[in-house]
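Visitor: Following this message is one structure expressed as structure tokens.
Chains as they are written, first to last, in this note's numbering: chain A, 1 to 336; chain B, 1001 to 1336.
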């Protein structure tokens, strides 16, 4: 007997169908190899090939001039940007249709100089520098008044949309608040309007008390399997205290973040046998209007299943692994 | 130089990034084979194995008793339902979390008695019977006052989430209006409130005049590549005249629908070299509250690309093929 539960995401109000009795089915899972098998000799992100990746916007380097070897993290403009700083701001309206230039920024954070080093295998102090690069670039992008918000994301593996094996993340700044962030901002705003409290703070407090969905924990950051997880082994990392913006976090919080991110990614990597995954960082829109109710957080989204017409047609994902079960499995992984 | 355009979907308000200068990139595309290579000898949907699929809720048959061979279309309950009619209606609230039973219905429409016959290769009169089964089952499900809405969908091929090769579609009835339908209902409602007109009617009239995105056409139904297409070669089929509900269409409209659906699917099949795809049918929620502004339609969603962290993080899909270009390519396919 199949038993499913419709669960409502407390931030967005969106529903998911958690299948509490699912039996793993081979057709549910992605069959593609994770790696793309790029030739390292042609990889534009490898140390020594700085000119191929383009001039650096930011780098963590031990010394030496810009755009030469000696860096551990390096940020460059995406060579095939989805959003460009040269765009105009005008809306074009034609009957019911509206469009505008793809104005914005699209940057690449090269997370390591070495070709074959996954970010979840970096030492915590190396991972810290990746988070530092995210923070620094967000601080800079925020100064451009044409941008409404930015999202940081990462594609690891073919099924997650990666086009290069060399470990990197991406930062995209938009002239609008993009939909996935906007629905969180709206939902959090409604909760704040109704209760005077941040919904992420309420959620974090409840998860710490409950414990069934906690995966890992530090003094400042908690990792949970979200109540309305959209995919198996989805995990969220949230600061315990109210903090709307990632670009304003302290060095100490970045340190805690590096430690817990490495820990949780190692657990996911073990439990799902080296899956493809996406990372998504959501920080408050640049305007500041949403700061009272918004709370930055990082999503880990393993890409081991695929969406069918059920998801496209209803917008209600079916998740064959409950977050309680995923959290239990992730807690049980022996680390270190 | 990459040029992208942010386009707003006139129904939902959601944005997409259309890449007007994309060069096809092999890593963009799904590599999986479309077929699952099920053994026909074990297929529960094949003629002669009616007991394996379960008792029929509906069948089009030339004669003979129920649950025996002789049918051309057959509807059964899904053996692993995502939603079940036995569920309760109560909401469970625990702090910020809300859940409820997966109450609803989940049915399978077996579109042909033959194992190796894709729905887009059926004759129009056979395809008519599939649409007739959708209509008839929706009429019945609507009578259950516990259901708020239903969605019909189809998964063709592995990348589209299919679990069986034997051609079938699915009908899911929900105790809520599911998100993907709800955001259309809300958007259409706003347009209706502002203008007194149906946004789908406005859109259809504009596309018929413009012509750049029309793919195919009958007296009663039009096929377009939507202005804010989310994936390459997305296509929508819409009735020309205002019609909120698929379950109320006439036999003649079903006929026109079968003809144009077969035509457009043949074009997509040729242009993308037999892609995996989903079909989604959206009809107004059962309550009738949205009927003035809603308009039934069918989406064809080829699954030849994959979503990355860009889509998960922003909710703004990148589409590397403009709908104008897709429509031109689809119109150019020589059919018949």
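Here a beta-carbon is modelled for each residue, glycine too, at the ideal position from N, C-alpha and C.
Considering Cα atoms alone, identify which of 316/A, 139/A and 317/A is closest to residue 287/A.
Guide: Stepping through the first chain from its first residue, residue 287/A is reached at position 287. For the residues 316/A, 139/A and 317/A, the minimum Cα distance to residue 287/A belongs to 139/A.
Visitor: Over the uninterrupted alpha helix (DSSP H) stretch that includes residue 200/A, give me the two end residues.
Guide: Walking along the first chain from the start, residue 200/A turns up at place 200. Element bounds for residue 200/A: 199-210.
Visitor: Throw me the rounded Cβ distance for the residue 223/A and residue 237/A pair, which I believe falls under 8 Å.
Guide: What you label residue 223/A is simply residue 223 of the first chain in a count that begins at 1. What you label residue 237/A is simply residue 237 of the first chain in a count that begins at 1. With a Cβ gap of about 5 Å, residue 223/A and residue 237/A count as contacting.
Visitor: Rounded to whole angstroms, what is the Cα-Cα separation between residue 162/A and residue 1027/B?
Guide: Taking the first chain and counting its residues from 1, one reaches residue 162/A at position 162. Taking the second chain and counting its residues from 1, one reaches residue 1027/B at position 27. Across the structure, residue 162/A and residue 1027/B are spaced so that their CA atoms are roughly 7 Å apart.
Visitor: Against residue 1297/B, what residues of chain A qualify as contacts under a CB-to-CB distance less than 7 Å, listed in chain order?
Guide: As a first step, residue 1297/B must be located in the second chain, where it is residue number 297. Near residue 1297/B there are no residues of chain A at all, since even the closest Cβ is about 12 Å away, more than 7 Å.
Visitor: Does DSSP classify residue 1224/B as helix, strand or coil?
Guide: Stepping through the second chain from its first residue, residue 1224/B is reached at position 224. Residue 1224/B falls in the strand class under three-state DSSP.
Visitor: Measure the alpha-carbon distance for residue 211/A versus residue 1315/B and round it to whole angstroms.
Guide: On the first chain, position 211 is the one that residue 211/A refers to. On the second chain, position 315 is the one that residue 1315/B refers to. One C-alpha to the other measures close to 30 Å.
Visitor: Quick check on residue 1309/B: buried or exposed, where buried means 16 or more other Cβ atoms within 10 Å of its Cβ?
Guide: Residue 1309/B sits at position 309 when you count from the first residue of the second chain. When all chains shown are included, residue 1309/B counts as buried.
Visitor: Cβ of residue 1010/B less than 8 Å from any chain A Cβ?
Guide: Within the second chain, residue 1010/B is the residue found at index 10, counting from 1. Using a CB distance cut-off of 8 Å, residue 1010/B counts as an interface residue toward chain A.
Visitor: Under the DSSP definition of a beta bridge, which residues are partnered with residue 319/A?
Guide: The count along the first chain starts at 1 and reaches residue 319/A at position 319. Paired residues: 18/A.
Visitor: Taking just the CA atoms, how far does residue 1042/B sit from residue 1080/B?
Guide: Taking the second chain and counting its residues from 1, the one referred to as residue 1080/B is at position 80. Taking the second chain and counting its residues from 1, the one referred to as residue 1042/B is at position 42. The alpha-carbon atoms of residue 1080/B and residue 1042/B are separated by roughly 17 Å.
Visitor: Who are the near neighbours of residue 1022/B in its chain, counting only those whose CB is closer than 6 Å to its CB and skipping five residues on each side?
Guide: Numbered from 1 along the second chain, position 22 holds the residue referred to as residue 1022/B. In chain order, 1320 place their CB closer than 6 Å to the CB of residue 1022/B, counting only its own chain and leaving out the 5 sequence neighbours on each side.
Visitor: Suppose contacts are defined by Cβ-Cβ distances below 8 Å. Is residue 1329/B in contact with residue 1235/B by that definition?
Guide: Sequence index remark: in the second chain, residue 1329/B carries index 329 (1-based). Sequence index remark: in the second chain, residue 1235/B carries index 235 (1-based). No. Outside cutoff.
Visitor: Does any residue of chain B bring its CB to less than 8 Å from the CB of residue 25/A?
Guide: On the first chain, residue 25/A is found 25 positions in, with the first residue counted as 1. Residue 25/A counts as touching chain B.
Visitor: Against chain A, does residue 1134/B count as a neighbour if the rule is that its beta carbon must be under 8 Å from one of theirs?
Guide: The residue given as residue 1134/B occupies position 134 in the second chain. No, because no Cβ of chain A sits closer than 8 Å to the Cβ of residue 1134/B.
Visitor: Taking residue 154/A as the query, report the chain B residues whose CB atoms sit under 8 Å from its CB, ordered along the chain.
Guide: Along the first chain, one-based indexing puts residue 154/A at 154. The contacting residues are 1309.
Visitor: Quick check: residue 1264/B and residue 1216/B, are their CB atoms within less than 8 Å of each other?
Guide: Counting from one through the second chain, the residue named residue 1264/B turns up at place 264. Counting from one through the second chain, the residue named residue 1216/B turns up at place 216. In this structure, residue 1216/B lies closer than 8 Å to residue 1264/B by Cβ.
Visitor: Whose C-alpha, out of 174/A, 257/A, 119/A and 325/A, is nearest the C-alpha of residue 20/A?
Guide: On the first chain, position 20 is the one that residue 20/A refers to. When each option's Cα is compared against that of residue 20/A, the closest is 325/A.
Visitor: Can a CB atom of chain B be found closer than 8 Å to the CB of residue 159/A?
Guide: Residue numbering aside, residue 159/A sits at position 159 when the first chain is read from its first letter. At least one CB atom of chain B sits nearer than 8 Å to the CB of residue 159/A.
Visitor: If we call anything under 8 Å between Cβ atoms a contact, is residue 1158/B one with residue 1033/B?
Guide: As a first step, residue 1158/B must be located in the second chain, where it is residue number 158. As a first step, residue 1033/B must be located in the second chain, where it is residue number 33. For residue 1158/B and residue 1033/B, yes; Cβs fall inside 8 Å.
Visitor: Considering Cα atoms alone, identify which of 17/A, 13/A, 12/A and 11/A is closest to residue 4/A.
Guide: Taking the first chain and counting its residues from 1, one reaches residue 4/A at position 4. The candidate whose alpha carbon is nearest that of residue 4/A is 17/A.
Visitor: Less than 8 Å between CB atoms is the rule here; does residue 199/A satisfy it with respect to chain B?
Guide: Along the first chain, read from residue 1 onward, the residue named residue 199/A stands at position 199. Residue 199/A counts as touching chain B.
Visitor: At what residue ranges does the segment 1094-1159 of chain B contain a whole run of the alpha helix (DSSP H), taking only runs of 4 or more?
Guide: 1124-1141
Visitor: So for residue 280/A, helix, strand or coil by DSSP?
Guide: For the purposes of this step, residue 280/A is taken as the residue at position 280 of the first chain. In the structure shown, residue 280/A sits in a strand (DSSP, three-state: E or B).
Visitor: To which residues of the same chain is residue 1063/B closer than 8 Å at the C-beta, ignoring the five residues directly before and after it?
Guide: In the second chain, residue 1063/B corresponds to position 63, counting from 1. Same-chain partners within the cutoff: 1070.
Visitor: Sorted by chain position, which residues of the same chain lie with C-beta nearer than 8 Å to residue 1218/B's C-beta, five sequence neighbours on each side aside?
Guide: Taking the first residue of the second chain as 1, we reach residue 1218/B at position 218. 1256, 1259 and 1260, listed in sequence order.
Visitor: Quick check on this structure: which residue in 277/A, 190/A, 239/A and 208/A has the alpha carbon closest to the alpha carbon of residue 231/A?
Guide: Stepping through the first chain from its first residue, residue 231/A is reached at position 231. Check the Cα spacing between residue 231/A and each of 277/A, 190/A, 239/A and 208/A: the tightest is with 277/A.
Visitor: Nearest by alpha-carbon distance to residue 143/A: which of 169/A, 104/A, 114/A and 127/A is it?
Guide: In the first chain, residue 143/A corresponds to position 143, counting from 1. Here the closest residue by C-alpha is 104/A.
Visitor: Mind listing the chain B neighbours of residue 319/A? Cutoff is C-beta to C-beta under 7 Å, in chain order.
Guide: Here residue 319/A refers to the residue found at position 319 when the first chain is read from its first residue. By Cβ distance, chain B contributes nothing, its closest Cβ being about 11 Å from residue 319/A, past 7 Å.
Visitor: At a CB distance below 9 Å, what residues from the segment 1157-1186 of chain B approach chain A? Give them in sequence order.
Guide: 1158, 1159, 1160, 1161, 1162, 1163, 1164, 1169, 1170, 1172, 1174, 1175, 1176, 1178, 1179, 1180, 1181, 1182 and 1183
Visitor: Is it a yes or a no for the segment 1162-1175 of chain B touching the segment 1195-1211 of chain B, going by three-plus beta-carbon pairs under 8 Å?
Guide: no
Visitor: State whether the segment 82-95 of chain A contacts the segment 125-138 of chain A, with contact taken as three or more CB pairs (one from each stretch) at a distance under 8 Å.
Guide: no
Visitor: How many angstroms separate the CA atom of residue 1153/B from the CA atom of residue 195/A?
Guide: Looking up residue 1153/B in the second chain gives position 153. Looking up residue 195/A in the first chain gives position 195. Each residue's Cα considered, the two are about 39 Å apart.
Visitor: With a threshold of 8 Å between beta carbons, is residue 60/A in contact with chain B?
Guide: Working through the first chain from its first residue, we reach residue 60/A at position 60. No, because no Cβ of chain B sits closer than 8 Å to the Cβ of residue 60/A.
Visitor: Express the C-alpha separation of residue 1181/B and residue 1339/B in angstroms, rounding to a whole number.
Guide: As shown, chain B starts at 1001 and ends at 1336. That puts residue 1339/B outside it, with no answer to give.
Visitor: For chain B, find out if any of its Cβ atoms is closer than 8 Å to the Cβ of residue 127/A; answer yes or no.
Guide: For the purposes of this step, residue 127/A is taken as the residue at position 127 of the first chain. Not an interface residue.
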